[in-house]
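Numbered per numbering that gives the first Met the number 0, the sequence shown spans residues 0 to 59. Where is the CB? At the ideal position from N, CA and C, for every residue including glycine.
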Amino acid sequence: MQRRQQIGQDTRKKISDPYDVDYFAKKHGISSKDAARIINLHRSDRDSADRAAYHLKGSC
């Protein structure tokens, strides 16, 4: 049973992992270039990255 738990933990992404650029761009309807810039700026802070994308989309 312990081996199964370890495998499950290894395959899950950490919340602190940065977003995938293509996924992030599609999720917010922004260009991949803008998505990469936001992800590089905010790194693993997903809430801040989401807010930045929301504001970017709203300003266009």
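Run through DSSP, which three-state label would residue i get?
i   : result
I29 : coil
D21 : helix
R42 : coil
Can you tell which of the options has its C-alpha closest to the C-alpha of residue i?
i   : options            : result
Y74 : R42, D21, S43, A34 : Outside the displayed span of the chain (0 to 59) sits residue 74, for which this structure offers no information.
I think residue i touches residue j, with their Cβ atoms under 8 Å apart; what is that distance to the nearest whole Å?
i   : j   : result
Y22 : I38 : Not quite, the Cβ-Cβ distance comes to about 10 Å (not below 8 Å), so this is no contact.
V20 : S30 : No, V20 and S30 are not in contact; Cβ-Cβ is about 10 Å, not under 8 Å.
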